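Chemist: Just dropping this structure here.
Numbering (full-length UniProt numbering), first residue to last: 1 to 318.
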């Protein structure tokens with residue numbers, strides 16, 4: 001894989017079995033200006049001017065986010081944003097924050113206005129944005145959330161008799177497992193998982209591991225082709241590398257991939273350091289990727305019992 005898995009827009013060719021995901025992402029990324037006038041007024045007069053931000057600089061991004069949240073939808077059905085859809089929206093949003101250097105206070109204000117409107121509509125079918133829950137590298141975490149949301153589709157593709165489909169699915173699983181390994185090794189090694197700043201990230205990774213094991217790895221037909229999260233160093237070599245990569249890794253030992261690069265947007269907010277795919281070159285464990293980078297992430301009530309517990313402990317939002 002030469003393209004970044006964290007860029008969902010690339011999935012059309014790499015992972016066609018996830019067509020619904022990348023088509024939804026493409027919808028969110030649309031820059032069509034139809035209906036922009038009313039959103040322009042909303043963003044200029046009721047959002048950006050309330051936080052002393054430069055209206056002309058951030059207005060376009062504000063408009064796109066509020067449109068994707070369907071703020072002005074007149075029909076109740078259009079307000080209903082499912083967890084599946086919201087996870088894709090959050091992935092798109094964090095990528096936009098990186099690209100446009102958007103600070104969290106702008107996003108917070110957008111969701112404050114959005115939440116007030118949803119409350120007035122007595123509608124809780126919305127994207128729940130918990131601003132006070134810290135998550136490291138949210139683009140990576142939202143991608144794992146998307147994996148979890150589509151686990152049935154992934155399973156079906158893995159078991160497909162068409163080798164081109166099952167191979168693409170295995171590649172996707174391997175890419176996501178590599179992201180899981182990097183995140184878990186970086187933020188949740190023994191002793192670090194209970195640090196307050198790491199807690200939410202580690203719970204999310206734990207949820208991913210539980211779902212992966214229950215719905216994929218414990219299927220006897222799949223054990224031979226996808227890696228175990230309890231034996232990653234060996235399984236990634238055996239099940240996720242081609243022959244040349246296996247020889248290279250075995251000869252020099254498995255270390256920390258260099259495929260994770262710094263990608264900061266502002267001093268206050270640094271988004272995900274994009275995972276660059278199945279890069280098997282090895283790097284220094286003291287590389288810049290080891291720096292702790294925190295931000296916030298959207299998630300959803302009732303997503304799992306573990307997260308429900310987390311939200312009871314962290315009474316603030318998103």
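Glycine included, every Cβ here is placed at the ideal spot set by N, Cα and C.
Quick caveat, the model's predicted, so the values are computed rather than measured.
If contacts are defined as beta-carbon pairs under 8 Å, then residue 168 and residue 14 qualify, I think. What distance do you get, rounded to the angstrom?
Modeler: Reading the chain shown from its first residue, position 168 is the one you call residue 168. Reading the chain shown from its first residue, position 14 is the one you call residue 14. Rounded, the Cβ-Cβ distance is 7 Å, consistent with contact.
Chemist: With a CB to CB cut of under 6 Å and the five nearest residues on each side skipped, what residues in its chain are close to residue 204?
Modeler: Translated into positions along the chain shown, residue 204 becomes position 204. Only 141 meet the Cβ criterion.
Chemist: So, does the stretch 181-188 touch the stretch 10-30, judging by three or more C-beta pairs under 8 Å?
Modeler: With the cut-off at 8 Å, the stretch 181-188 and the stretch 10-30 do not touch.
Chemist: Exposed or buried, what is residue 175 when buried is set at 16 or more other beta-carbons lying within 10 Å of its beta-carbon?
Modeler: Taking the first residue of the chain shown as position 1, residue 175 is located at position 175. Answer is buried; the Cβ neighbour count reaches 16.
Chemist: Using the C-alpha atoms, what's the distance from residue 94 back to residue 139?
Modeler: By one-based count along the chain shown, residue 139 stands at place 139. By one-based count along the chain shown, residue 94 stands at place 94. Whole-angstrom Cα-Cα distance: 6 Å.
Chemist: Starting from residue 17, trace the beta strand (DSSP E) both ways and give me its first and last residue.
Modeler: In the chain shown, the residue the question calls residue 17 occupies position 17. No beta strand (DSSP E) holds residue 17; DSSP gives it neither H nor E.
Chemist: Just tell me which of 190, 235, 145 has its CA closest to the CA of residue 170.
Modeler: Numbered from its first residue, the chain shown carries residue 170 at position 170. For residue 170, the nearest C-alpha among the options comes from 235.
Chemist: How big is the Cα-Cα spacing for residue 229 and residue 240?
Modeler: For the purposes of this step, residue 229 is identified with residue 229 of the chain shown, where counting begins at 1. For the purposes of this step, residue 240 is identified with residue 240 of the chain shown, where counting begins at 1. Distance between the alpha carbons of residue 229 and residue 240 is about 13 Å.
Chemist: Please state the DSSP three-state secondary structure of residue 130.
Modeler: Here residue 130 refers to the residue found at position 130 when the chain shown is read from its first residue. Three-state result, residue 130: strand.
Chemist: When we look at the beta-carbon of residue 150 and count the other beta-carbons within 10 Å, is it buried (16 or more) or exposed?
Modeler: One-based indexing of the chain shown puts residue 150 at position 150. By the 10 Å Cβ count, residue 150 comes out buried.
Chemist: Below 6 Å CB to CB, which residues in the same chain sit around residue 225 once its five sequence neighbours on both sides are set aside?
Modeler: Position 225 of the chain shown holds residue 225. Excluding positions up to five away in sequence, the list reads 170.
Chemist: What do you get for residue 81, buried or exposed, if any count of 16 or more other CB atoms within 10 angstroms of its CB means buried?
Modeler: Locating residue 81 in the chain shown gives position 81, counting from the first residue. Buried is the call here.
Chemist: Which value, in whole angstroms, describes the spacing of the CA atoms of residue 12 and residue 164?
Modeler: Here residue 12 refers to the residue found at position 12 of the chain shown. Here residue 164 refers to the residue found at position 164 of the chain shown. Rounded to the nearest angstrom, the two C-alpha atoms are 14 Å apart.
Chemist: How far does the alpha helix (DSSP H) with residue 72 in it extend, from its first residue to its last?
Modeler: As a working mapping, residue 72 is identified with position 72 in the chain shown. Neither: residue 72 is in no alpha helix (DSSP H) and is coded neither H nor E.
Chemist: At 4 residues or longer, what runs of the alpha helix (DSSP H) sit wholly inside the stretch 190-239?
Modeler: Runs found: 196-212.
Chemist: Where residue 73 and residue 158 are concerned, what is the direct C-alpha to C-alpha distance, given to the nearest angstrom?
Modeler: For this step, residue 73 is matched to residue 73 along the chain shown. For this step, residue 158 is matched to residue 158 along the chain shown. One C-alpha to the other measures close to 38 Å.
Chemist: Are there 16 or more other CB atoms within 10 angstroms of the CB of residue 195, so buried, or fewer, so exposed?
Modeler: Taking the chain shown and counting its residues from 1, one reaches residue 195 at position 195. Exposed.
Chemist: Helix, strand or coil for residue 165 per DSSP?
Modeler: Position 165 of the chain shown holds residue 165. Residue state, collapsed to three classes: helix.
Chemist: Whose C-beta lies closer than 6 Å to the C-beta of residue 209 among residues of the same chain, with five residues either side of it excluded?
Modeler: Mapped onto the chain shown, residue 209 falls at position 209. The answer, listed in chain order, is 229.
Chemist: Roughly how far, in whole angstroms, is the beta-carbon of residue 85 from the beta-carbon of residue 153, given that I think they are within contact range, below 8 Å?
Modeler: Taking the first residue of the chain shown as position 1, residue 85 is located at position 85. Taking the first residue of the chain shown as position 1, residue 153 is located at position 153. About 15 Å; that fails the 8 Å criterion.
Chemist: If we count the other Cβ atoms within 10 Å of its Cβ and call it buried at 16 or more, is residue 257 buried or exposed?
Modeler: Within the chain shown, residue 257 is the residue found at index 257, counting from 1. Residue placement at residue 257 cannot be trusted, given a pLDDT of 35 that sits under 50; the coordinates are not used to answer.
Chemist: Applying the 10 Å Cβ sphere with the 16-neighbour rule, what's the burial state of residue 137?
Modeler: Residue numbering aside, residue 137 sits at position 137 when the chain shown is read from its first letter. With 16 or more Cβ atoms within 10 Å of its Cβ, residue 137 is classed as buried.
Chemist: Quick one: grab the DSSP three-state call for residue 44.
Modeler: Within the chain shown, residue 44 is the residue found at index 44, counting from 1. Correct three-state label for residue 44: helix.
Chemist: Taking the continuous alpha helix (DSSP H) assigned at residue 99, which residues delimit it?
Modeler: The residue given as residue 99 occupies position 99 in the chain shown. Residues 83-100.
Chemist: Helix, strand or coil: which one does DSSP assign to residue 31?
Modeler: Numbered from its first residue, the chain shown carries residue 31 at position 31. The answer is coil: DSSP assigns residue 31 none of H, G, I, E or B.
Chemist: Could you work out which residue in 62, 44, 193 is closest to residue 135 when comparing CA atoms only?
Modeler: Locating residue 135 in the chain shown gives position 135, where the first residue counts as 1. Measuring from the Cα of residue 135, the nearest candidate turns out to be 193.
Chemist: Just verifying my parser: in three-state terms, what is the DSSP assignment at residue 183?
Modeler: Numbered from its first residue, the chain shown carries residue 183 at position 183. Residue 183: helix per DSSP, three-state reduction.
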